[in-house]
Amino acid sequence: MKRFHVHVHVTDLAQNVDFYSKMFGVQPSRLEADYAKWMLDEPAVNFAISTRGHGHTGVDHLGIQVDNEADLQAMKAQAQAADLSLIDEGATTCCYARSDKHWVVDPQGLPWEHFQTLGNIPVFREGEPAQGDEAGACCTPTVAPKVTGKPIGIPVKSSCC
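Positions 150 to 310 (my numbering) are the ones given, in order, by the sequence shown.
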């Protein structure tokens, strides 16, 4: 199964948890002091919010979550065959999870994460700086790959999710 993924930065986690819980009709499947995630089946979406946007609110990135390595490898091969700029992180940790992932970036610079979650971890990101540090922002990569020959403003080293 493939599941659409959306990660949104918010300023007030409690207020947004209340709103999205009412909108989705369920409480989050994971709730931390700085993060909440709903794993919905209908529609099939992994919807996450966090307060780690360092002043930025709104959509941080989109993605596709897969259940198995074969689907992840197929998505990677498709991106490579289409000559999309691909940032391959492989095994990593972020957003309270261990995962295998790669990224592609659309022409506007919006990062798309393709990933398989392998397990939970007890912290937002293992080895991450303290929450107030800029390096602790969420998920998206840290060196700009090129899209249609032009550098874009996202990083290559992931900082979460």
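All C-beta atoms, glycine included, are put in the ideal place defined by N, C-alpha and C. None of these values were measured; they are calculated from a predicted model.
- Message: For a quick check, are the C-beta atoms of ILE213 and TYR245 less than 8 Å apart?
- Response: Residue numbering aside, residue 213 sits at position 64 when the sequence shown is read from its first letter. Residue numbering aside, residue 245 sits at position 96 when the sequence shown is read from its first letter. No.
*asked:* Taking only three categories from DSSP, how would you classify TYR169?
replied: Within the sequence shown, residue 169 is the residue found at index 20, counting from 1. Helix, per DSSP.
Leaving out the 5 sequence neighbours to the left and right, which residues in its chain are closer than 7 Å to ASP255 when beta-carbon positions are compared? Your numbering for residue 255 matches position 106 in the sequence shown. Closer than 7 Å at Cβ, skipping near neighbours: TRP261.
(Q) Assuming the contact rule is C-beta atoms closer than 8 Å, LEU233 and LYS225 should be a hit. Round their C-beta distance to whole Å, please. (A) For the purposes of this step, residue 233 is taken as residue 84 along the sequence shown, with counting starting at 1. For the purposes of this step, residue 225 is taken as residue 76 along the sequence shown, with counting starting at 1. 10 Å between Cβ atoms; not a contact.
Enumerate in chain order the residues of its own chain whose CB-to-CB distance from LYS250 is below 7 Å, with the five nearest sequence positions on each side excluded.
One-based indexing of the sequence shown puts residue 250 at position 101. Excluding sequence neighbours, LYS250 sits near GLU238, THR241, GLU262, HIS263 and PHE264.
THR200: buried (16+ other C-beta within 10 angstroms of its C-beta) or exposed?
-> The sequence position of residue 200 within the sequence shown is 51, counting from 1. Looking at its Cβ environment, which holds 16 or more other Cβ atoms inside 10 Å, THR200 is buried.
Measuring CB to CB, does ALA185 end up less than 8 Å from PRO192?
Working through the sequence shown from its first residue, we reach residue 185 at position 36. Working through the sequence shown from its first residue, we reach residue 192 at position 43. No, the pair does not count as a contact, with Cβ atoms beyond the cut-off.
GLU181, enclosing beta strand (DSSP E) - first and last residue: Counted from its first residue, the sequence shown places residue 181 at position 32. First-last of the beta strand (DSSP E) with GLU181: 179–181.
Note to self: Short of 7 Å in beta carbon distance, which residues of its chain neighbour ALA163, apart from the five on each side in sequence? Order them along the chain.
What the structure shows: Position 14 of the sequence shown, counted from the first residue, corresponds to residue 163. So the list is empty, once near-sequence residues are dropped.
_Give me the residue from GLY204, GLY202, GLU218 and SER170 with the minimum Cα distance to LYS151._
Position 2 of the sequence shown, counted from the start, is the residue given in the question as residue 151. Nearest of GLY204, GLY202, GLU218 and SER170 to LYS151, Cα basis: GLU218.
Suppose you measure from the CA of GLY281 to the CA of VAL272; what does that come to, to the nearest Å? Indexing the sequence shown from 1 puts residue 281 at position 132. Indexing the sequence shown from 1 puts residue 272 at position 123. Any reading at GLY281 must be qualified, since the residue scores a pLDDT of 43, below 50, and its modelled position is unreliable; no value is offered.
What first and last residue would you give for the beta strand (DSSP E) that runs through ALA193? The residue given as residue 193 occupies position 44 in the sequence shown. Unbroken beta strand (DSSP E) run through ALA193: 193–199.
What does DSSP give as the partner residue(s) for ASP209 in the beta ladder? Counting from 1 along the sequence shown, the entry for residue 209 is found at position 60. Answer by DSSP bridge pairing: none, since ASP209 is not bridged.
Would you tell me roughly how many angstroms separate the C-alpha atoms of THR160 and MET188, rounded to the nearest one?
-> One-based indexing of the sequence shown puts residue 160 at position 11. One-based indexing of the sequence shown puts residue 188 at position 39. If you take the alpha carbons of THR160 and MET188, they lie about 21 Å apart.
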